[in-house]
Amino acid sequence: MAEVILKNISKRFGADIALDDVSMTVPNGSFVVLLGPTGAGKTTTLRMVSGLDEPDGGEVAIGGRPMAGLTPAQRDVAMVFQQYSLYPHLTVRENLEFPLKSPILRTPKAEIDRKVGEVAEVLQISHKLDNKATALSGGEMQRVSIGRALVRNPSVYLMDEPLSSLDAKLRSDLRIELKSIQAHSGATLLYVTHDQIEAMTMATHVGVLDNGRLVQFGTPREIYEDPVSIYAAGRLGQPRINVLPADLFSGAPQGAAFIGLRPEQVSQGDGQECFVERVEHLGDQTRLHLKFRAHDLITVTDAHTELTHGDVVKIQPANPFYFDAAGVRLA
Amino acid sequence: MSFSATEPSIRTKWFAGLLVIGYAIVTLIPLLWIIATGFKSPADSIAYPPVVVFEPTLEGYVNLFTDRTRATEQMLDDAGPPTTWYEQIARDRGTVISGPSRYGERFLNSVIIGFGSTALCMILGTMAAYAFSRFKVPLKDDLLFFILSTRMMPPIAVAIPIFLMFRNLGLNDTHLGMILLYTAVNLSLSVWLLKGFIDEIPVEYEEAALIDGYTRFQAFYKVVLPQAATGIASTAIFCLIFAWNEYAFAVLLTSGNAQTAPPFIPTIIGVSGKDWPAVAAGATIFLVPVMVFTILLRKHLLRGITFGAVRK
Numbered sequence: 001m002a003e004v005i006l007k008n009i010s011k012r013f014g015a016d017i018a019l020d021d022v023s024m025t026v027p028n029g030s031f032v033v034l035l036g037p038t039g040a041g042k043t044t045t046l047r048m049v050s051g052l053d054e055p056d057g058g059e060v061a062i063g064g065r066p067m068a069g070l071t072p073a074q075r076d077v078a079m080v081f082q083q084y085s086l087y088p089h090l091t092v093r094e095n096l097e098f099p100l101k102s103p104i105l106r107t108p109k110a111e112i113d114r115k116v117g118e119v120a121e122v123l124q125i126s127h128k129l130d131n132k133a134t135a136l137s138g139g140e141m142q143r144v145s146i147g148r149a150l151v152r153n154p155s156v157y158l159m160d161e162p163l164s165s166l167d168a169k170l171r172s173d174l175r176i177e178l179k180s181i182q183a184h185s186g187a188t189l190l191y192v193t194h195d196q197i198e199a200m201t202m203a204t205h206v207g208v209l210d211n212g213r214l215v216q217f218g219t220p221r222e223i224y225e226d227p228v229s230i231y232a233a234g235r236l237g238q239p240r241i242n243v244l245p246a247d248l249f250s251g252a253p254q255g256a257a258f259i260g261l262r263p264e265q266v267s268q269g270d271g272q273e274c275f276v277e278r279v280e281h282l283g284d285q286t287r288l289h290l291k292f293r294a295h296d297l298i299t300v301t302d303a304h305t306e307l308t309h310g311d312v313v314k315i316q317p318a319n320p321f322y323f324d325a326a327g328v329r330l331a
Numbered sequence: 332m333s334f335s336a337t338e339p340s341i342r343t344k345w346f347a348g349l350l351v352i353g354y355a356i357v358t359l360i361p362l363l364w365i366i367a368t369g370f371k372s373p374a375d376s377i378a379y380p381p382v383v384v385f386e387p388t389l390e391g392y393v394n395l396f397t398d399r400t401r402a403t404e405q406m407l408d409d410a411g412p413p414t415t416w417y418e419q420i421a422r423d424r425g426t427v428i429s430g431p432s433r434y435g436e437r438f439l440n441s442v443i444i445g446f447g448s449t450a451l452c453m454i455l456g457t458m459a460a461y462a463f464s465r466f467k468v469p470l471k472d473d474l475l476f477f478i479l480s481t482r483m484m485p486p487i488a489v490a491i492p493i494f495l496m497f498r499n500l501g502l503n504d505t506h507l508g509m510i511l512l513y514t515a516v517n518l519s520l521s522v523w524l525l526k527g528f529i530d531e532i533p534v535e536y537e538e539a540a541l542i543d544g545y546t547r548f549q550a551f552y553k554v555v556l557p558q559a560a561t562g563i564a565s566t567a568i569f570c571l572i573f574a575w576n577e578y579a580f581a582v583l584l585t586s587g588n589a590q591t592a593p594p595f596i597p598t599i600i601g602v603s604g605k606d607w608p609a610v611a612a613g614a615t616i617f618l619v620p621v622m623v624f625t626i627l628l629r630k631h632l633l634r635g636i637t638f639g640a641v642r643k
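Which chain is which? The protein sequence lines are A and B, in order.
Going by this note's numbering, the first residue of the first sequence is number 1, and it counts up by one from there.
Going by this note's numbering, the first residue of the second sequence is number 332, and it counts up by one from there.
(1) Figure out for me which residue from B:A462, B:L407 and B:G508 has the closest Cα to the Cα of N440 of chain B.
(2) Starting from E94 of chain A, trace the alpha helix (DSSP H) in both directions and tell me its first and last residue.
(3) What does I542 of chain B touch in chain A if you count any residue whose Cβ is under 7 Å from its own?
(4) Have a look at D296 of chain A and L330 of chain A and give me their C-alpha separation to the nearest angstrom.
(5) Does DSSP put Q316 of chain A in a helix, a strand or coil?
(6) Have a look at A:Q142, A:E264 and A:Q82 and flag the residue whose alpha-carbon is nearest the alpha-carbon of D302 of chain A.
(7) Let me know the secondary structure DSSP gives A336 of chain B once reduced to three states.
(8) Ignore the nearest five residues each way along the sequence and tell me which others in F258 of chain A's own chain have a CB closer than 6 Å to its CB.
(9) F98 of chain A touches chain B at which residues, Cβ-Cβ below 7 Å?
(10) Can you give me the start and stop residues for the beta strand (DSSP E) that T561 of chain B sits inside?
(11) I want to verify the contact list: residues of chain B whose CB lies under 7 Å from the CB of I104 of chain A, in sequence order.
(12) Could you give the DSSP three-state label for H309 of chain A: helix, strand or coil?
(13) Apply the 10 Å Cβ neighbour rule to L627 of chain B and answer buried if 16 or more other Cβ atoms are within range, or exposed otherwise.
(14) Check whether the segment 372-387 of chain B touches the segment 350-360 of chain B, counting contact only when three or more Cβ pairs, one atom from each stretch, lie closer than 8 Å.
(15) For N588 of chain B versus D473 of chain B, is the C-beta spacing smaller than 8 Å?
(16) If I'm right that P227 of chain A touches Q238 of chain A with Cβ under 8 Å, what's the distance once you round it to whole angstroms?
(17) Please report the Cβ distance between V393 of chain B and A421 of chain B, rounded to the nearest whole angstrom; I am assuming they are in contact, meaning their Cβ atoms lie under 8 Å.
(18) Can you pull the chain A neighbours of P557 of chain B, defined as C-beta to C-beta under 7 Å?
(19) Note down, in chain order, every chain B residue with its Cβ under 8 Å from the Cβ of Q254 of chain A.
(20) On a Cα-Cα basis, can you pick out the residue from A:Y231, A:R65 and A:T45 that is closest to G57 of chain A?
(21) So, V276 of chain A versus L290 of chain A, is the Cβ gap smaller than 8 Å?
(22) Is there a Cβ from chain B that is less than 8 Å from the Cβ of Q316 of chain A?
(23) Q196 of chain A versus chain B: which residues are under 7 Å apart at the beta carbon?
(24) Please report whether the beta-carbon of A640 of chain B lies at a distance below 8 Å from any beta-carbon of chain A.
(25) Using the beta-carbon count (16 or more within 10 Å), is K11 of chain A buried or exposed?
(26) Quick one: what's got a C-beta closer than 6 Å to I529 of chain B's C-beta in the same chain, skipping five residues either side?
(27) Counting only the same chain and skipping the five closest in sequence on each side, list residues whose C-beta sits under 6 Å from that of T566 of chain B.
(28) Taking M48 of chain A as part of the beta strand (DSSP E), name the residues at either end of that continuous run.
(29) Drop a sphere of 10 angstroms on the beta-carbon of T397 of chain B, count the other beta-carbons inside from all chains shown, and report buried for 16 or more, exposed for fewer.
(30) What are the partner residues of P328 of chain A, as DSSP defines its beta bridges?
(31) Output the distance between the C-alpha atoms of G29 of chain A and Y231 of chain A, rounded to the nearest integer angstrom.
Rendered as structure tokens:
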């Protein structure tokens, strides 16, 4: 349970800039999700906090303690890796016991057994405890590796796309499980993902990274409803925000080059005509692929819509976002 | 007949099996011949045409482990009747046993030097290989090439400088000297082989251990070593076989104190030059430790313990 502060962190790998002057405060007890495409610096940020890599410049502090020069073991962090998660020569039980038996914790045997039992219960792997780690399925392995972080009571949990290899059902189960574990224990969690559903459902805060820079930090609602740029707006929202030239519709402010329309910002019924290209019935909602002049547009409509290819619908923007030529939000 | 992409057909299996058996016979014949010769009488051992069926005797083994002197009738009478089976064998040849031979201590020297240098080579080799595999070592590639280059000439080519160095350092004819020498020769091979094995182990395991509260050395010891067991076992076998069988340096650098078995075995043949069964017996016994060592480590050679835990 601790606050994590990153101050002006920079990191280069050879000629590549992995992190460029990143500053961020992860409040105590928060669930912070880092979003961004591959290479944006998400994993590097976790490695800075964990101590697996040292920043070239800047400071990391956990719970008010500066971390410079401390080894990962001394930092009291737990980390779940995206890959190679389990020690293959050990059983599931030995894997879960491993952090508790470390020279730093030296947990008594009875307490190890209790904690391992509890975590195995939560993650539904009790019946596999004496299996070799290699005898598990991918989903079970990843649950054990999350369990290996949960058996401890570290200052911060770091998770690097822990659910990305799991099937959809298990992913949604574990999403809920992780969120409730975090909410109950009050743990601070720094979480990397590509998956915006994970970000929207679990995060108390989202950090959007772009090429090693932190472009926006706020609650998921803030990022969704008040993005600072086209890039940040594109990180959240399914289907993605539509970005069109601003002059397609009237009412664009001075200097606006692009208009950003989330599906709910496309009001149907009035306004300008466009063609229905394709209709996707997803069950709970229906996506409309529209052709508006030469531009493609995706929006959402009533699940039981009768619209088909070639129909004409009228649309107009409702409280849209405007961006300048560089993609920065104007209004 | 059903077809399977992974399972060879019965005929292919038989053919492959016969091929392996044939190859095994060809390579094993010299070995079997040596083992058989150990149980022949000296006359049978040099008989021409060679005898395949013979009356086995332990004379070779008795001669290997004992020193004997030719005895006159008078001496035999004085000594009284033989009390043990091996004395009986010696008497039958008109000799009496004057004491144990030096084969035992030569053999023990081989064990100390062979296993000692293998152990040292494994300890230094795994640590060096780990460092080369994981850390930013300045001039890493050049250093690795330099290490390998020590194997590019026959080690015996530098025998004279080594001999002089050993003499000045007082390492001549010592166990320590031979252990250091064999370790030095084997180290290049073990560093290269082990680096290959350690490179294969994903670094994420150690990073996980570092975060789980272990130091770098503990992570190496608890996570890397068990997973490198396969590589360490096979490398150790190579190192042991070299140190065990090495002849030229042993002849040059050892004599009374630390002499190993290989230079000693040919001397068993004796002044008459006929005692081939004793030589064969010495060679047979000399085979045993390496065979046992290899069989003990065999499961490590066959088992790929990291398969399956790696999510790709």
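Cβ coordinates follow ideal geometry from the N, Cα and C atoms, glycine included.
Given the structure is predicted, the values throughout are model-derived calculations rather than measurements.
The answer reads as follows:
(1) B:G508
(2) V92 to E97
(3) S50, P72, V77, A78 and M79
(4) 23 Å
(5) strand
(6) A:E264
(7) coil
(8) V243, A246 and F323
(9) D543
(10) No beta strand (DSSP E) contains T561 of chain B, which is instead part of the alpha helix (DSSP H) from A560 to N576.
(11) G544
(12) coil
(13) exposed
(14) no
(15) no
(16) That belief does not hold up - the Cβ atoms of P227 of chain A and Q238 of chain A are roughly 15 Å apart, past 8 Å.
(17) 6 Å
(18) H89
(19) Chain B residues near Q254 of chain A: none, gap ~51 Å exceeds 8 Å.
(20) A:T45
(21) yes
(22) no
(23) Near Q196 of chain A there are no residues of chain B at all, since even the closest Cβ is about 23 Å away, more than 7 Å.
(24) At A640 of chain B the pLDDT is 40, less than 50, meaning the model places this residue with poor confidence; the figure from the coordinates comes in the next sentence. A640 of chain B counts as touching chain A.
(25) buried
(26) A460, Y461, S464 and A559
(27) S521, L524 and L525
(28) M48 of chain A -> not in any beta strand (DSSP E); alpha helix (DSSP H) instead, spanning K42 to S50.
(29) buried
(30) Checking the sequence shown, residue 328 of chain A turns out to be Val, not Pro. Per DSSP, A:S229.
(31) 28 Å
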